[in-house]
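In full-length UniProt numbering, the protein residues as written are 1 to 214.
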Amino acid sequence: MAIYKLIKYEASFECKQNEDKSEIKLKVCQENNMYIVHNNLTKQLATKRQGTAHTKTRSEVRGGGRKPWKQKGTGKARSGSIRSPLWRGGGVTFGPRNRNYIAKINNKEKKLAIRTLLFNKVSQILIISRKEIFLEKPSTQVLLKRLENLNLNINKKILIIIENKDNSLYLSSRNLQNIEIIQVNQINCLALLNAEQIVITSHSLKQIEEIYHD
């Protein structure tokens, strides 16, 4: 098994609004570890599968207990059941069965994959204060205007990471296909890979460093 040396990188995320710089320190592997991202992504997508596709075998199909005709003397091919896979209305051979696709994701690997993606997407990350997207009541138009004021392209996929649940923000964005809002503890590889622009609140940045540091 390959041994990877963990070294600490410091990334500076520039805030476009107030020209300040926010720094976050996370540990990432020195070697290319995109295979860990791929591994976590495939497991995450597999876990989302329902696995409810199910076909019946010849023993599960109703009927077919009696032999259709005698073994010899009819001139027909021998047959033991009308529910044979060879018959119309019979069972299915090698068809899909109920299956649990849930795959266990190692917690350390998951954190490493998220750290890798955060560093690879530094140029797409914007750090803002919480008040810049704060909404007193749900309003899609107000949210879109706030995002445009942040120089974000609302026609591209935007991922907003907040520190805690905000019902007004969720309700304002639920009919917008390009905008996804998640909390810090909900960060995942699929959301980061799909996002073309990532918005992180300053408080969320501190939580990310605490949760995903090692």
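All residues carry an ideal CB built from backbone N, CA and C; glycine is no exception.
So what does DSSP say about residue i, is it helix, strand or coil?
i           : result
residue 71  : coil
residue 86  : coil
residue 136 : coil
residue 36  : helix
residue 256 : Past the edges of the chain, shown from 1 to 214, lies residue 256, and the structure says nothing about it.
residue 199 : strand
residue 177 : coil
residue 102 : coil
residue 154 : coil
residue 208 : helix
residue 213 : coil
residue 127 : strand
Do residue i and residue j have their C-beta atoms closer together than 9 Å?
i           : j           : result
residue 118 : residue 133 : no
residue 125 : residue 184 : no
residue 69  : residue 79  : yes
residue 180 : residue 173 : yes
residue 115 : residue 26  : yes
residue 168 : residue 135 : yes
residue 110 : residue 33  : no
residue 52  : residue 103 : no
residue 201 : residue 129 : yes
residue 182 : residue 212 : no
Short of 7 Å in beta carbon distance, which residues of its chain neighbour residue i, apart from the five on each side in sequence? Order them along the chain.
i           : result
residue 238 : The structure shown does not extend to residue 238, since the chain is modelled only from 1 through 214, so no value can be given for it.
residue 121 : 192, 198
So residue i and residue j are supposed to be a Cβ contact under 8 Å. How far apart are they, rounded?
i           : j           : result
residue 204 : residue 161 : 5 Å
residue 189 : residue 113 : 5 Å
residue 97  : residue 54  : 6 Å
residue 140 : residue 175 : 6 Å
Which residue or residues does DSSP assign as beta-bridge partners of residue i?
i           : result
residue 52  : None, per the DSSP bridge assignment.
residue 182 : 161
With a CB to CB cut of under 8 Å and the five nearest residues on each side skipped, what residues in its chain are close to residue i?
i           : result
residue 197 : 124, 126, 152, 153, 156, 157, 158, 159
For the ligand HEM, is there a heavy atom less than 8 Å away from the beta-carbon of residue i?
i           : result
residue 160 : For the structure depicted, the ligand HEM is absent and the ligand set is empty, with no information on it obtainable.
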